[in-house]
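Take a look at the structure set out below.
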Amino acid sequence: MQAKSIKGKSTEEIKNALQQSMADARPDGSVGRGFQPTLAVAFLSVHQDRKTICEILDEAGLTIFGATTNGGFVDDQMEMGTAAIMLLDINPAYFKIYFEEYPQKNYHEVAAGIAKNALKDFSNPAFLMAGSHMETDAEQLLFGFADIIGKQVNIYGGMAGDDFSFTNQFVFTNGIESNRGMVVLAIDENKIKIKGRAICGWKAVGTERTVTKSEGNHVYTVDDIPVLDLTAKYGGLENISPDNGSFSIEVAAQFPLQLQRPYGDPVMRPGLQVDWTDHSFYCSGSVPQGSKVRFSLPPDFDVIEKVIQGCEDLKATEMEEADALIIFSCAGRFITLGPLIGDEIEGMRKVWNVPMVGMFSNAELARATGGNLEMHNLTTCCIALKEK
1 MQAKSIKGKS TEEIKNALQQ SMADARPDGS VGRGFQPTLA VAFLSVHQDR
51 KTICEILDEA GLTIFGATTN GGFVDDQMEM GTAAIMLLDI NPAYFKIYFE
101 EYPQKNYHEV AAGIAKNALK DFSNPAFLMA GSHMETDAEQ LLFGFADIIG
151 KQVNIYGGMA GDDFSFTNQF VFTNGIESNR GMVVLAIDEN KIKIKGRAIC
201 GWKAVGTERT VTKSEGNHVY TVDDIPVLDL TAKYGGLENI SPDNGSFSIE
251 VAAQFPLQLQ RPYGDPVMRP GLQVDWTDHS FYCSGSVPQG SKVRFSLPPD
301 FDVIEKVIQG CEDLKATEME EADALIIFSC AGRFITLGPL IGDEIEGMRK
351 VWNVPMVGMF SNAELARATG GNLEMHNLTT CCIALKEK
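So that you can map any letter, position 226 of the sequence shown is 226 in my numbering, and since no number is skipped, the others follow by simple counting.
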């Protein structure tokens, strides 16, 4: 499998980059058709002209797996407002795109339907997926696949972004898009090897606390104290007011809850939206009543080292060689680490030194280390692909 990454801030730049990637310079100076990709993994700023870019890719004969982002990157070049696209020349018989919407919020049912169809096409499918809309219960999407294919199903992905406006996100493929749907790339794992790691690095601090009142992802109290008040006290936060527009982002990025598990690593559950009537907040995923949580320390430089070490371990134990890398990195890491996020991106690329494309997502979807399929936050999900 050959892979090439292209980027651009305009449709013209993307068109030119695509043409250059497919050009084949000959000894006599003429140019013919060389690299012939079949699949485009397209991560676009919500402000890019998705329709035109998709038309350009479609006219070149490319099947599109696409999502809007909170920023994208190609190899070690990170930019806001850009289009970051990976081109792959996978045999079309080895993959298929599925696209479905879930306006009725029937997440599990929709995902299970895709899984059933994928099993008709491939005996051993693996999946790359992206979903849209802030209300989406992404774990139910994962469970839909697991219930049909089995808990061992190999699946990775992320939730679409919108340049940090948190208002309207999109997933798309050839000729269609949705702000409340999912795009799924099914891969024949008998032909393409795909392995990944979800790595966070945020350190837990203090004793375990008990969630004393919650409904789904809506957490009301921890140790019988409104969760917002407890978070503010722990973090020494001031100006606790709905008039402080950056407060929710500060809570989510700096002081997230860590949901403890009986086995496997804990998963991050930052508060993304505050209910000021009772100082509760909505987390990124479910937090069952009675579950145990711990607070997190604000990140230090070693969170970057942990991500790179995780990739090095993946290479050493499961994926010695790769043809391409696809990254879903939490928007919260971008906010918290600032320019240092570039060191993390470059470090991941250097592990395999192959073409890479990535996006800053609203959530990351993968198997927790030593655990189950989960929706993550403040996490980097690194996926390596290699044709067998």
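Cβ coordinates follow ideal geometry from the N, Cα and C atoms, glycine included.
When burial is assigned at 16 or more other CB atoms within 10 Å of the CB, is residue i buried or exposed?
{"i": "Thr173", "result": "buried"}
{"i": "Asn70", "result": "buried"}
{"i": "Gly181", "result": "buried"}
{"i": "Phe301", "result": "exposed"}
{"i": "Ala316", "result": "exposed"}
{"i": "Trp276", "result": "exposed"}
{"i": "Ser214", "result": "buried"}
{"i": "Gln19", "result": "exposed"}
{"i": "Thr221", "result": "buried"}
{"i": "Asn353", "result": "exposed"}
{"i": "Leu378", "result": "buried"}
{"i": "Asp243", "result": "exposed"}
{"i": "Pro103", "result": "exposed"}
{"i": "Ala160", "result": "buried"}
{"i": "Gly236", "result": "exposed"}
{"i": "Ser329", "result": "buried"}
Is residue j closer than 8 Å to residue i when the C-beta atoms are compared?
{"i": "Ile383", "j": "Gly347", "result": "no"}
{"i": "Met359", "j": "Leu325", "result": "no"}
{"i": "Phe425", "j": "Leu228", "result": "In the structure as shown, the chain begins at 1 and stops at 388. Residue 425 is therefore absent and cannot be evaluated."}
{"i": "Val211", "j": "His376", "result": "no"}
{"i": "Val351", "j": "Cys311", "result": "yes"}
{"i": "Ser68", "j": "Asp162", "result": "The residue asked about is misnamed: residue 68 is Thr in this sequence, not Ser. Contact flag set, yes."}
{"i": "Lys7", "j": "Phe35", "result": "no"}
{"i": "Leu119", "j": "Tyr156", "result": "no"}
{"i": "Arg269", "j": "Arg209", "result": "no"}
{"i": "Ile192", "j": "Ile56", "result": "no"}
{"i": "Gln169", "j": "Asn154", "result": "no"}
{"i": "Gly175", "j": "Ala130", "result": "no"}
{"i": "Val205", "j": "Cys283", "result": "no"}
{"i": "Asp121", "j": "Ala186", "result": "yes"}
{"i": "Met319", "j": "Lys195", "result": "yes"}
{"i": "Ile149", "j": "Ala115", "result": "yes"}
{"i": "Phe164", "j": "Ala331", "result": "yes"}
{"i": "Pro226", "j": "Asp278", "result": "yes"}
Could you pull the DSSP bridge partners for residue i from this structure?
{"i": "Ser329", "result": "Phe360 and Thr380"}
{"i": "Phe172", "result": "Gly66 and Glu177"}
{"i": "Thr210", "result": "Lys292"}
{"i": "Pro125", "result": "Asp188"}
{"i": "Thr391", "result": "Not covered by the structure: residue 391. The range shown for the chain is 1 to 388."}
{"i": "Met391", "result": "Residue coverage of the chain in this structure runs from 1 to 388, which leaves residue 391 outside it and unanswerable."}
{"i": "Gly158", "result": "Ala130 and Glu364"}
{"i": "Val443", "result": "The structure shown has nothing for residue 443, since the chain only spans 1 to 388."}
{"i": "Cys200", "result": "DSSP, once it has assigned bridges, lists no residue as partnering Cys200."}
{"i": "Ile85", "result": "Ile6 and Ala42"}
{"i": "Asp275", "result": "Ser280"}
Taking the alpha-carbon positions, what's the residue i to residue j distance?
{"i": "Arg2", "j": "Gln289", "result": "The identity of residue 2 in the sequence shown is Gln, whereas the question assumes Arg. If you take the alpha carbons of Gln2 and Gln289, they lie about 48 Å apart."}
{"i": "Leu88", "j": "Leu62", "result": "9 Å"}
{"i": "Leu142", "j": "Ser132", "result": "14 Å"}
{"i": "Thr380", "j": "Ser361", "result": "9 Å"}
{"i": "Ser123", "j": "Leu297", "result": "44 Å"}
{"i": "Glu100", "j": "Val183", "result": "7 Å"}
{"i": "Arg367", "j": "Ala84", "result": "25 Å"}
{"i": "Gly29", "j": "Ala126", "result": "Confidence in Gly29 is poor, its pLDDT being 46 and thus under 50, which makes the residue's placement unreliable; the coordinate value appears in the next sentence. Cα to Cα, Gly29 sits roughly 42 Å from Ala126."}
{"i": "Asp58", "j": "Leu230", "result": "51 Å"}
{"i": "Leu373", "j": "Leu365", "result": "7 Å"}
{"i": "Gly81", "j": "Ala93", "result": "34 Å"}
{"i": "Pro339", "j": "Asn117", "result": "42 Å"}
{"i": "Thr14", "j": "Ile53", "result": "The question names Thr, but residue 14 in the sequence shown is Ile. Computed Cα separation, rounded: 7 Å."}
{"i": "Gly271", "j": "Gly66", "result": "27 Å"}
{"i": "Pro256", "j": "Ala60", "result": "44 Å"}
{"i": "Lys386", "j": "Gly144", "result": "26 Å"}
{"i": "Gln258", "j": "Met78", "result": "28 Å"}
{"i": "Ala40", "j": "Ala232", "result": "44 Å"}
{"i": "Pro262", "j": "Thr207", "result": "16 Å"}
{"i": "His47", "j": "Glu135", "result": "21 Å"}
{"i": "Pro27", "j": "Glu189", "result": "Model confidence at Pro27 stands at a pLDDT of 47, short of 50, so the residue's coordinates are unreliable; what they give is reported in the following sentence. Pro27 and Glu189: Cα-Cα distance of roughly 38 Å."}
{"i": "Ile341", "j": "Gly72", "result": "12 Å"}
{"i": "Gln140", "j": "Trp202", "result": "25 Å"}
{"i": "Ile335", "j": "Val287", "result": "24 Å"}
{"i": "Leu44", "j": "Ile345", "result": "18 Å"}
{"i": "Tyr107", "j": "Ile64", "result": "22 Å"}
{"i": "Asp76", "j": "Asp224", "result": "46 Å"}
{"i": "Asp147", "j": "Glu321", "result": "31 Å"}
{"i": "Ser21", "j": "Asp49", "result": "21 Å"}
{"i": "Leu314", "j": "Lys306", "result": "12 Å"}
{"i": "Lys388", "j": "Lys292", "result": "42 Å"}
{"i": "Phe95", "j": "Asn217", "result": "34 Å"}
Worksheet item: In the stretch 1 to 59, which residue ranges form an unbroken beta strand (DSSP E) of at least 3 residues, counting only runs that do not cross its ends?
Response: Listed in chain order, they are 3 to 8, 23 to 25, 31 to 33 and 39 to 45.
Item to complete: List in chain order: all unbroken beta strand (DSSP E) runs of 3+ residues lying wholly within the stretch 96 to 141.
Response: Listed in chain order, they are 125 to 131.
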